[in-house]
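Sequences listed follow chains A and B, in order.
The numbering used here applies: residue 180 is where the first sequence begins, and numbers increase by one.
The numbering used here applies: residue 256 is where the second sequence begins, and numbers increase by one.
Glycine included, every Cβ here is placed at the ideal spot set by N, Cα and C.
As the structure is a prediction and not an experimental result, all values here were calculated from the model.
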Amino acid sequence: MTTTDINTTAVPRWWQSRVARRFFGHRLALLGLVMITLLTLACIFGPYLLPYDSLHIDLRGRFSPPMSGQHYLGTDPLGRDIAARLLTAGRISLLVGFFAMVLATILGTLIGVIAGYGGRVVNAVLMRFVDGFLSFPTIFMLLALAVALKPSPVMITIIIALTGWMEVARIVEAEVRSLKEREFVLAGRMLGLGKMHMMFREILPNCMGPIIVAATLTVARAILLEAYVSFLGFGIQPPLPSWGNMLNGAQQYLGSAPWLAIIPGIAITLAVTSFNFIGDGLRDALDVRNDSF
Amino acid sequence: MVAGGHPASAPDVALSVRDLTVSLPVGMERLNAIEGVSFNLNRGQILCVIGESGSGKSMTASTIMGLLPRGMETSAGSITLEGREIVGMEAEELRSLRGRVVSMIFQDPLSALNPLMTVGAQIEEAMAAHGEGTAQSRRTRTVELLTEVGLPDPAMMYHQYPFRLSGGQRQRVMIAMALSLEPTILIADEPTTALDVTTQAQILTLIRDIQRRKGMSVMFITHDFGVVAEIADSVVVMEKGHVVERGEAAKVLKAPDHPYTKRLIAAVPHLRAEDRPREATASAAAEPLLKVRNLVKTYRSGSRLFRTERVVPAVQDVSFEVRPGHTLGVVGESGSGKSSLGRLLNRLMDVDSGKILFDGRDIAPLPESEFRSMRPKIQMIFQDPFASLNPRMTVGQILTVGPKAHGMSGSKAREEAMELLNLVGLDVRAFDRYPHEFSGGQRQRVGVARALMFKPQLLIADEAVSALDVSIQAQILELLDRIQRETGVAMIFITHDLRVASQICDEIAVMHKGRIVEFGRPSQIFFNPEADYTRQLVAAIPGERFDDKTTVPTQADTGT
């Protein structure tokens, strides 16, 4: 018996893989990715490049419309530079969205994996708990919690995460339950691997596709939720800017200075749709069911 | 490619394929799925197209049916169906030919039948789609068809849903559906591969009977030379998209020309008249490693409270012994409880009652935490080489994860894994690769290596070669045989294929409905069976006639 020859052709790099090819073939997803990258870079470096600080008050230059002088996007009722505020607010909004997603995904994955791999009782208890959380109207719960707790950015992040993990948990639970029946899981048990090892090292890596998709969509949802709560005045508190409380401040001047509302509105729309596009693209790319070359 | 002797328009040719080439989308493993394929299907004959997976045999059928997957197209050649050229024909015109002139039955009848429609409705639908008859006449015809394919109580069957039927019955429904428009050509794509051996024999008989009665022409796709020997008039052998040999069935089977055909035929397992040679007499006298006593397992589903409980006895009162260095074959059809038995022995399922004495210790009642330390001694090889390896782990990780969990150091585990890769005939470079980079046979070698990492005393192989091509099957059997000789491991070899069992087993237990109905040496079981059920099983083995039951020496004999 000689050595069987194994396929010696070059191993394809990840960007040549089917998933990557399909993702990059998805125009909207690619557009979303580009926009998010630009938006993030602008929020990180933008404020250093602008002539005004986001908190610099100039009462003589109140309500300047966009493209007046050095104020590229105009000024607000206190004469602060909107471009600077928008990018600083973007930092807060994107950070809140991102970390809320991370927390929600970790929590959801944890509960989903345990519920999926556990026995009937564990599954029933955890999944009814998920159902319980799902049956609360999210916005009211969010507002109630925001009123009760001190609305710092960290607290807002935690609150948003607490209302957003259930979807991930459900997706992961379903995925784990179907993977549990596969022979490689039996093989792991045959090797005498522990439960923790089975759940998190054998099964979990196989659910990464759906988790990544859910996570992307959760970011979009978290950014939107932060904007809601801040707009209603229970979220990020001024003078710290966020896209939501910029909208809030713009309400009274809708007629006279519409750009106050339009500019943060566009930022929210761009961020949310971009994340949704990326999520859709990932879903199509990772879904083996609609397999067309 | 030789174009064959007959002109394409000869009246006795029902289907003629000439220099057919179907291209694959760019970036696939080869340029064309099939290349320059030519053959004739004569009227009133059965033509078998045989080849291993990836040989392009199913692709040929799909091309004839006009059912190519997206991204593939016929790039050259011609297909003449009953004198009409169909390459380049309008989709609508082709659709009217499908079903009426040429019809197809598939490998998996469950996925080919609509689960939400009754059997009768599905057969009628095919007729209605082609505007055949009235509602009343279609209904009568459907019941006739169900009778014709030998289904019990056709009037009742008409109202059944597919999930209520057995695999064989579903395949009969598929055949009825294919026959509903009285096609002159029937294409059967591995119609018996998913079936048990006794059911397979019945379906083969049915197809041959119908073919004779109606004078149909049948193109039968298979990977099993046993099936070819049963039904074929002529044979086309395909390898990697090319036709390598064609001719009369008797001639190809008896005196194959092409080396590939010879290899394939040599790899077909046969019942062996003599028992496995036992050089080590000492091991025969040794104390049994495993003693199973009155093992019982019953599946319960539904709820006792709501009186919907279903009780399925999977393993009933099973007892046997296995000695070190010996192989016990467990054979039976699907649902016989043989796989459940394997999982019980490995404690992947809990035992209801009975004893499993492993090395003198009863492991049946042990809780998982206590049994865990014994797991390394009992290892298993799984059926599906695609599902049994974690796709997200490298081969190295797959091999070393178990020993590491039991406290072996990383470097030691790596060293052992390298050694085992060598032993199972894989390059050590395989260590850092992912399972998807390997073929089915290579993956199964990884599965064998994984089971050997612990140097187990008992190896349970659950249909370990069933999903593989015959030539690969022979290699894996030889590998298992060699490993047993070298390590003296005891083996329980679970299979539905009696031919395979006779290659590798010292003793065989025949299981039927959860019970062992016969137990003995292979020579006795296969050539002098006592139980009726064993006799049926042996009689159903396809193609044992063509070589007079004399054994061609296979790898298992010549292996060292």
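Flag residue i as yes if its beta-carbon sits less than 8 Å from any beta-carbon of chain B, otherwise no.
{"i": "N385(A)", "result": "yes"}
{"i": "F363(A)", "result": "yes"}
{"i": "G372(A)", "result": "Residue identity differs from the one stated: residue 372(A) is Leu in this sequence, not Gly. It does; some Cβ of chain B falls within 8 Å."}
{"i": "T183(A)", "result": "Residue placement at T183(A) cannot be trusted, given a pLDDT of 45 that sits under 50; the coordinates are not used to answer."}
{"i": "H376(A)", "result": "yes"}
{"i": "A199(A)", "result": "no"}
{"i": "M369(A)", "result": "yes"}
{"i": "E381(A)", "result": "yes"}
{"i": "A221(A)", "result": "no"}
{"i": "A366(A)", "result": "yes"}
{"i": "N186(A)", "result": "Per-residue confidence for N186(A) stands at a pLDDT of 45, beneath the threshold of 50, marking its modelled position as unreliable; the derived number appears in the next sentence. N186(A) counts as touching chain B."}
For residue i, count neighbouring C-beta atoms within 10 Å of its own C-beta (all shown protein chains included) and say buried if the count is 16 or more, exposed if not.
{"i": "E588(B)", "result": "buried"}
{"i": "G584(B)", "result": "buried"}
{"i": "F480(B)", "result": "buried"}
{"i": "K517(B)", "result": "exposed"}
{"i": "P417(A)", "result": "exposed"}
{"i": "M375(A)", "result": "exposed"}
{"i": "P364(B)", "result": "buried"}
{"i": "L792(B)", "result": "buried"}
{"i": "Q430(A)", "result": "exposed"}
{"i": "D232(A)", "result": "exposed"}
{"i": "Q697(B)", "result": "buried"}
{"i": "P691(B)", "result": "Residue identity check: residue 691(B) is His in the sequence provided, not Pro. By the neighbour-count rule (16 or more Cβ atoms within 10 Å), H691(B) is not buried but exposed."}
{"i": "I261(A)", "result": "buried"}
{"i": "T216(A)", "result": "exposed"}
{"i": "H414(B)", "result": "exposed"}
{"i": "R307(A)", "result": "exposed"}
Relative to the alpha-carbon of residue i, which residue among the options has its alpha-carbon at the smallest distance?
{"i": "T395(A)", "options": "F224(A), L218(A), S435(A) and L212(A)", "result": "L212(A)"}
{"i": "I246(B)", "options": "P324(B), L707(B) and R425(B)", "result": "Since the first and last residues shown for chain B are 256 and 815, residue 246(B) lies out of range."}
{"i": "M378(A)", "options": "E354(A), A401(A) and A399(A)", "result": "E354(A)"}
{"i": "A410(B)", "options": "V398(B), V570(B) and Q571(B)", "result": "V398(B)"}
{"i": "T329(B)", "options": "L365(B), E290(B) and I360(B)", "result": "E290(B)"}
{"i": "P443(A)", "options": "N455(A), G428(A), K359(A) and G291(A)", "result": "G428(A)"}
{"i": "L313(A)", "options": "V392(A), R349(A) and L365(A)", "result": "R349(A)"}
{"i": "A569(B)", "options": "A672(B), R598(B) and T742(B)", "result": "R598(B)"}
{"i": "A795(B)", "options": "D752(B), R770(B) and Q758(B)", "result": "D752(B)"}
{"i": "A323(A)", "options": "D310(A), A393(A) and V408(A)", "result": "V408(A)"}
{"i": "E437(B)", "options": "H385(B), V650(B), L654(B) and L723(B)", "result": "H385(B)"}
{"i": "Q455(B)", "options": "K610(B), L336(B) and G422(B)", "result": "G422(B)"}
{"i": "L465(A)", "options": "L217(A), I391(A) and F454(A)", "result": "I391(A)"}
{"i": "A303(A)", "options": "E352(A), V333(A) and L321(A)", "result": "E352(A)"}
{"i": "V720(B)", "options": "V277(B), I653(B), G695(B) and I301(B)", "result": "G695(B)"}
{"i": "A269(B)", "options": "G338(B), L323(B), L322(B) and R285(B)", "result": "G338(B)"}
Does the beta carbon of residue i come closer than 8 Å to any beta carbon on chain A?
{"i": "A384(B)", "result": "no"}
{"i": "Q634(B)", "result": "yes"}
{"i": "N645(B)", "result": "yes"}
{"i": "G615(B)", "result": "no"}
{"i": "P631(B)", "result": "yes"}
{"i": "D639(B)", "result": "yes"}
{"i": "R698(B)", "result": "no"}
{"i": "V656(B)", "result": "yes"}
{"i": "A660(B)", "result": "yes"}
{"i": "A537(B)", "result": "Bear in mind that a pLDDT of 45 at A537(B), under 50, signals an unreliable position, so the number given afterwards is only what the model happens to contain. No, because no Cβ of chain A sits closer than 8 Å to the Cβ of A537(B)."}
{"i": "A719(B)", "result": "no"}
{"i": "R627(B)", "result": "yes"}
{"i": "R705(B)", "result": "yes"}
{"i": "A642(B)", "result": "yes"}
At a cut-off of 7 Å, is residue i close to the ligand COA when judged by its beta-carbon and the heavy atoms of the ligand?
{"i": "A668(B)", "result": "This structure simply doesn't include the ligand COA, nor any ligand for that matter."}
Secondary structure, beta strand (DSSP E): runs of 3+ residues fully inside the region 661-740 of chain B: 713-717
Where are the beta strand (DSSP E) runs, 3 residues long or more, that stay fully inside the region 283-328 of chain B, in chain order? 287-297 and 301-305
Members of the region 591-608 of chain B that neighbour chain A once the beta carbon cut-off is set at 7 Å: N601 and L603
Please list the segments of the beta strand (DSSP E) lying wholly inside the region 551-596 of chain B, counting only runs of 3 or more residues, in order along the chain. 565-577 and 582-586
Which whole runs of the alpha helix (DSSP H) in the region 409-467 of chain A are 4 residues long or more, in chain order? 422-429 and 438-465
In chain order, what are the residue ranges of uninterrupted beta strand (DSSP E) at least 3 long that sit wholly in the region 339-397 of chain A? none
Starting from the N-terminal side, write out each stretch of the alpha helix (DSSP H) that is 4 residues or longer and does not extend beyond the region 766-795 of chain B. 777-782 and 787-795
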